[in-house]
Structures are given as C-alpha cells and as structure tokens.
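Q: Take this structure first; my questions come after.
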Amino acid sequence: MGTFGQQAGYPALILLDSSDPARIQAIEAQLDLARTLFIIAGKSGSTVETDAASGYFYQLVVSRFGSEQAGQHFMAITDPASPLAEHAEAHGYRDLFLNPPNMGGRYAAMSYFGLVPAALMGLDLPRLLASAERMLNAMRSVIPETGHPGIWLGAYLGHLAQHGLDKLVLLTSPELDAFVPGPSNWWPPAWVKKAVASSR
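Be aware that the sequence shown starts at 0, since it is given in numbering that gives the first Met the number 0, and climbs by one per residue.
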C-alpha cells in the first residue's frame with residue numbers, strides 16, 4: 000500500500016494544494032466531471048484559497064449538470080457551524096463530515112480530514128489506525144526520554160539547527176513515492192510545507 004497510491008477498484012485521489020491557475024487548469028483537464036466527487040475540506044470553513052477553488056469547481060459542475068444536481072458531486076469535511084458546513088447543507092452536498100471543533104490541525108490525519116479520503120480510496124483503515132495506535136503508545140508521556148522517539152527526533156533536529164543545518168530533505172522508500180513529487184515537480188507540495196511548519 001503506497002502512500003496516496005490508487006488502489007485497484009477504487010477512485011484516484013487528486014489533491015489540489017495550490018491556488019495557482021495553471022495547476023488548477025492542469026487538474027481540471029484530468030477530470031471526468033460525471034465521475035468526480037469533490038471533497039471540500041477546511042477546519043474553519045472560511046479559508047480564501049479553499050473557498051475560491053471550491054466555488055470555481057462548483058460553478059463548473061453547475062454549468063454541466065445544473066444547480067439541482069451539483070451538490071451530489073460534493074462532500075465537505077469541516078467543523079460544526081462553520082461557513083463550509085452551512086454552505087454544504089444549503090447546496091445539498093452528498094455528505095457532510097463534522098470533526099470535533101477542539102481538535103488541532105496537526106491531528107487532522109486521524110480525523111475525518113484524513114480518514115474519509117483514505118476510505119474512499121480503498122486504503123486499509125484498520126491497518127492505518129493500528130499503525131497510528133502503535134506510534135501513539137510509543138509517544139506517551141510515561142515513556143522514558145531514552146526510548147521516546149519524539150524526544151529523540153526533537154533533540155536531533157534541534158542539535159542540527161544549532162549547527163546551521165536547518166533544511167529538511169525527505170528521502171523516501173518506493174512505498175512513499177507518491178508522497179513526494181517526481182522530477183518534473185521538484186518542489187515539495189504545499190501541504191508538506193504546512194505540515195512541517197505547523198509541527199514546530
């Protein structure tokens with residue numbers, strides 16, 4: 000099971016992590032609108048870039064299928080009572096998943112933000128959750144510092160930063176090829192930058 004790799008018999012996940020018009024056009028060119036389900040995800044439900052992209056694709060679907068059918072091509076993942084939740088309900092989205100509002104963004108992978116797309120892609124959720132539980136148990140506060148992977152990683156990165164080594168390079172196994180763009184897209188995806196930046 001490669002990271003974000005398409006599973007046999009399940010839909011592909013195309014992640015739009017950019018507001019660059021060229022990137023949006025490139026993704027649009029790949030879509031068969033009749034077979035596309037858009038997942039609009041945002042904690043606050045009011046992020047400008049997310050609103051702009053979802054509005055663009057919503058109008059595209061409306062122009063093709065009409066406003067009565069458009070909502071069936073969309074689902075939303077957000078916090079309760081957010082503008083996105085209200086929009087999804089008002090426009091008849093196929094589904095609406097509400098996360099607990101007090102959950103921090105860095106924990107999103109194990110919330111509806113990560114689990115709904117993973118389930119739709121046909122990923123092995125029990126295996127994913129078991130792996131997360133193993134890491135959770137390894138990171139508990141009762142684990143001594145000498146065996147705590149989070150403390151070791153933090154100390155190592157802190158030591159490197161103190162010595163001027165402050166660049167993060169991701170060397171991945173073939174199982175993680177889809178996590179990092181290929182040679183034609185040498186920059187890291189925006190979501191990787193954000194995940195690393197919010198982990199400080």
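For each residue, glycine too, the CB sits at the ideal point set by N, CA and C.
For residue 20, tell me which candidate among 42, 52 and 34 has the shortest Cα-Cα distance.
A: Among 42, 52 and 34, the Cα nearest to that of residue 20 is on 52.
Q: Looking at the strands, I want to know which residues DSSP matches up with residue 165.
A: Partner(s): none; residue 165 has no beta bridge.
Q: Would you call the stretch 26-41 and the stretch 59-78 in contact, with 3 or more CB pairs under 8 Å?
A: Judged by Cβ distances under 8 Å, the stretch 26-41 makes contact with the stretch 59-78, as three or more pairs qualify.
Q: Starting from the C-beta of residue 195, find all residues in its chain whose C-beta is less than 8 Å away, skip the five residues before and the five after it, and write them out in chain order.
A: Correct list, in chain order: 167.
Q: What residue from 47, 93 and 122 has the CA that sits closest to residue 67's CA?
A: Closest option to residue 67, Cα to Cα, is 93.
Q: Please report how far the alpha carbon of residue 110 lies from the alpha carbon of residue 65, in whole angstroms.
A: One C-alpha to the other measures close to 32 Å.
Q: Taking all protein chains shown into account, decide if residue 69 is buried (16 or more other Cβ within 10 angstroms of its Cβ) or exposed.
A: Buried.
Q: Sorted by chain position, which residues of the same chain lie with C-beta nearer than 7 Å to residue 56's C-beta, five sequence neighbours on each side aside?
A: The residues are 37.
Q: Is it a yes or a no for the stretch 152-164 touching the stretch 128-142, going by three-plus beta-carbon pairs under 8 Å?
A: They do not touch, by the three-pair rule.
Q: Given a cut-off of 8 Å, decide if residue 83 and residue 44 are closer than it, judged by their beta-carbon atoms.
A: Taking 8 Å as the Cβ cut-off, residue 44 and residue 83 qualify as a contacting pair.
Q: Do residue 14 and residue 32 have their beta-carbon atoms positioned less than 8 Å apart in this structure?
A: No, these two residues do not count as a Cβ contact at 8 Å.
Q: Within the continuous alpha helix (DSSP H) that includes residue 76, where are the two ends?
A: Premise fails: residue 76 lies in the beta strand (DSSP E), 73-77, not in any alpha helix (DSSP H).
Q: Let me confirm a value: residue 159 is counted as buried when at least 16 other C-beta atoms fall within 10 Å, else exposed. Which label applies?
A: So residue 159 ends up on the exposed side.
Q: Suppose contacts are defined by Cβ-Cβ distances below 8 Å. Is residue 81 in contact with residue 48 by that definition?
A: Not a contact, by the Cβ cut-off of 8 Å.
Q: Output the residue ranges of the beta strand (DSSP E) runs that lie fully inside the stretch 31-65 and measure 3 residues or longer, sorted by chain position.
A: Here the runs fully enclosed are 37-40.
Q: Check this for me: beta carbons of residue 118 and residue 124, under 8 Å apart or not?
A: Yes, the Cβ-Cβ distance between residue 118 and residue 124 is below 8 Å.
Q: Nearest-angstrom Cα distance between residue 173 and residue 164?
A: Answer to the nearest angstrom: the Cα atoms are 26 Å apart.
Q: Tell me residue 245's beta-bridge partners as DSSP assigns them.
A: Here the chain comprises residues numbered 0 to 199, so residue 245 is not present and cannot be evaluated.
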